[in-house]
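When we follow this note's numbering, the leftmost residue of the sequence shown carries the number 1, and every step to the right adds one. Take a look at the structure below.
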Amino acid sequence: MVYAHITGWGCAVPEKILTNADLEKMVDTSDAWIVERSGIRERRIAGEGESSATLGVRAAWRALEVAGVRPAEIDLIICATSSPEHIFPATACIIQDKLGASRAGAFDLSAACSGFIYAVHMAAQAIRSGALKTVLVVGAETLSRLTDWSDRNTCILFGDGAGAFVLQASRQPGGVLSAVLRADGSGADLLTVPAGGSRHPATLETVKAGMHYIHMDGREVFRFATRVMGSATQEAVAQAGLDLADVRWIVPHQANIRIIEAAARFLKLPLDRFIVNLERYGNTSTASIPLAVCEAVADGRIQPGDRLVLVGFGAGLTWGALVAEWSGPLAVQRRVRPGMYRLWAGLRSFLRRLARFFEGLVWGRKA
Ligand SMILES: CC(C)(COP(=O)(O)OP(=O)(O)OC[C@H]1O[C@@H](n2cnc3c(N)ncnc32)[C@H](O)[C@@H]1OP(=O)(O)O)[C@@H](O)C(=O)NCCC(=O)NCCS
1 MVYAHITGWG
11 CAVPEKILTN
21 ADLEKMVDTS
31 DAWIVERSGI
41 RERRIAGEGE
51 SSATLGVRAA
61 WRALEVAGVR
71 PAEIDLIICA
81 TSSPEHIFPA
91 TACIIQDKLG
101 ASRAGAFDLS
111 AACSGFIYAV
121 HMAAQAIRSG
131 ALKTVLVVGA
141 ETLSRLTDWS
151 DRNTCILFGD
161 GAGAFVLQAS
171 RQPGGVLSAV
181 LRADGSGADL
191 LTVPAGGSRH
201 PATLETVKAG
211 MHYIHMDGRE
221 VFRFATRVMG
231 SATQEAVAQA
241 GLDLADVRWI
251 VPHQANIRII
261 EAAARFLKLP
271 LDRFIVNLER
281 YGNTSTASIP
291 LAVCEAVADG
301 RIQPGDRLVL
311 VGFGAGLTWG
321 ALVAEWSGPL
331 AVQRRVRPGM
341 YRLWAGLRSF
351 LRRLARFFEG
361 LVWGRKA
């Protein structure tokens with residue numbers, strides 16, 4: 001029997017902080033309103049030169065360092081993102097190149113804010129089936145680039161950041177124990193970036209109408225989220241053959257403190273069993289759960305042997321929950337120094353481009 005363990009974790013956020021006081025100068029809102037209705041006090045915003053891929057790569061290096069995994073040992077990279085670098089190629093491929101993960105397949109997974117849970121489940125399934133040994137899952141976002149900074153309904157909520165897990169095969173019981181994934185596309189229009197895809201290709205008109213920004217029916221999304229968070233948690237815990245009392249921590253998607261409080265009431269659990277950091281980062285979509293996990297591991301709240309529920313929801317509509325036993329790095333560990341591999345990855349990428357250039361010349365002469 002093979003188990004899929006989370007053996008590495010890392011996160012990265014931009015330096016720039018946007019506070020509620022800053023937002024008061026941009027739209028008709030107030031710190032008091034934002035804190036009361038969402039719990040958010042500040043969020044991080046990507047600077048020039050930062051993007052979903054650069055944040056994802058930073059988080060990935062940290063996760064590889066913790067796991068003691070070399071880039072060439074990664075079999076697959078899944079990047080869950082709602083703010084990819086491009087429609088294509090996949091952000092995961094850009095991350096693959098920057099890591100020099102020479103043996104890895106790479107693809108993006110689009111399940112909005114539930115994407116990290118979907119991706120960890122896919123990674124765990126591939127490992128448990130015996131097909132793959134080491135999978136890197138990244139949740140990376142620069143939602144600030146899709147935000148209409150004149151729309152007070154949405155601009156107060158979102159932030160930028162990235163988180164990453166390394167999952168590895170082991171014969172030792174533990175790791176990802178169960179998962180529940182769900183979707184309801186009848187609510188697709190409740191949270192959407194309407195233009196820029198094949199349905200509404202980007203035109204001057206779509207840009208003028210702001211259709212390349214996030215559009216959201218906040219009240220409906222709120223109602224949906226409060227309905228699914230608790231029930232998905234219960235289902236995933238039951239599927240793992242456990243009881244809520246066997247679970248140490250619930251790590252919810254960090255969208256709104258009121259949604260988390262509603263889930264706590266539904267599950268009859270005190271709020272201190274939930275890991276919450278949304279007051280400092282806002283809703284970072286696919287990055288929110290790994291960001292919360294990383295902080296809780298760093299400050300010692302999450303300990304090896306703890307059972308966690310990761311639970312989230314998002315556009316689609318999608319939602320899901322996953323139960324995992326926190327293992328920490330595998331016993332056999334190597335020291336991996338990202339600096340050296342970063343240099344090698346840069347050189348490798350340059351040499352491949354050069355090789356393609358010369359191949360092109362030779363091909364041109366033959367043709
Ligand atoms: C967006 C959200 C915080 C709004 O809170 P709410 O309590 O539902 O507020 P409402 O939408 O009922 O709006 C109440 C009033 O505040 C106003 N308002 C909205 N945003 C405001 C802001 N930033 N500052 C001040 N007032 C605001 C509204 O215009 C509305 O005014 P009206 O009654 O005159 O129309 C909340 O609905 C929410 O978090 N929804 C889920 C969003 C989410 O999680 N999305 C991501 C999913 S992954």
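Glycine included, C-beta positions come from ideal geometry on N, C-alpha and C.
> Where residue 9 and residue 148 are concerned, what is the direct C-alpha to C-alpha distance, given to the nearest angstrom?
Replying inline: Working through the sequence shown from its first residue, we reach residue 9 at position 9. Working through the sequence shown from its first residue, we reach residue 148 at position 148. Taking the straight line joining both Cα atoms gives about 32 Å.
> Taking C-alpha atoms, which residue in 114, 52, 32, 218 lies nearest to residue 159?
Replying inline: For the purposes of this step, residue 159 is identified with residue 159 of the sequence shown, where counting begins at 1. The shortest Cα separation from residue 159 among 114, 52, 32, 218 belongs to 52.
> Would you call the segment 204-211 and the segment 156-176 touching, i.e. three or more CB-CB distances under 8 Å?
Replying inline: no
> In whole angstroms, what separates the C-alpha of residue 219 from that of residue 192?
Replying inline: On the sequence shown, residue 219 is found 219 positions in, with the first residue counted as 1. On the sequence shown, residue 192 is found 192 positions in, with the first residue counted as 1. Cα-Cα distance, rounded: 14 Å.
> Once you ignore the five residues that flank residue 36 on each side, which residues in its own chain have a CB closer than 8 Å to its CB?
Replying inline: As a working note, residue 36 is residue 36 in the sequence shown. Counting only residues of its own chain and dropping the five nearest sequence neighbours on each side, residue 36 has no CB closer than 8 Å to any other CB.
>> Tell me which residue opens and which closes the alpha helix (DSSP H) that residue 115 is part of.
In response: Reading the sequence shown from its first residue, position 115 is the one you call residue 115. 115-128 is the extent of the alpha helix (DSSP H) around residue 115.
>> Considering only DSSP beta bridges, list what residue 216 is partnered with.
In response: For this step, residue 216 is matched to residue 216 along the sequence shown. BP columns for residue 216 point to 191.
> Does the Cβ of residue 352 have 16 or more other Cβ atoms within 10 Å, making it buried, or fewer, making it exposed?
Replying inline: Residue numbering aside, residue 352 sits at position 352 when the sequence shown is read from its first letter. So residue 352 counts as exposed.
> Is residue 113 near ligand 1, judged by its Cβ being under 8 Å from some heavy atom?
Replying inline: Walking along the sequence shown from the start, residue 113 turns up at place 113. Checking every heavy atom of ligand 1 against the Cβ of residue 113, one is found closer than 8 Å.
> Taking the continuous alpha helix (DSSP H) assigned at residue 61, which residues delimit it?
Replying inline: One-based indexing of the sequence shown puts residue 61 at position 61. Counting along the chain, the alpha helix (DSSP H) containing residue 61 begins and ends at 52-67.
> In terms of residues, what are the limits of the beta strand (DSSP E) holding residue 108?
Replying inline: Indexing the sequence shown from 1 puts residue 108 at position 108. That run of the beta strand (DSSP E) goes 105-109.
> Cβ of residue 229 within 9 Å of Cβ of residue 260?
Replying inline: Start at 1 with the first residue of the sequence shown, and residue 229 comes out as number 229. Start at 1 with the first residue of the sequence shown, and residue 260 comes out as number 260. Yes, these two residues count as a Cβ contact at 9 Å.
>> Rounded to whole angstroms, what is the Cα-Cα separation between residue 63 and residue 336?
In response: Mapped onto the sequence shown, residue 63 falls at position 63. Mapped onto the sequence shown, residue 336 falls at position 336. Going by the C-alpha atoms only, they are around 10 Å apart.
> Is the segment 22-42 touching the segment 108-124 in the sense that three or more CB pairs, one from each, lie closer than 8 Å?
Replying inline: no
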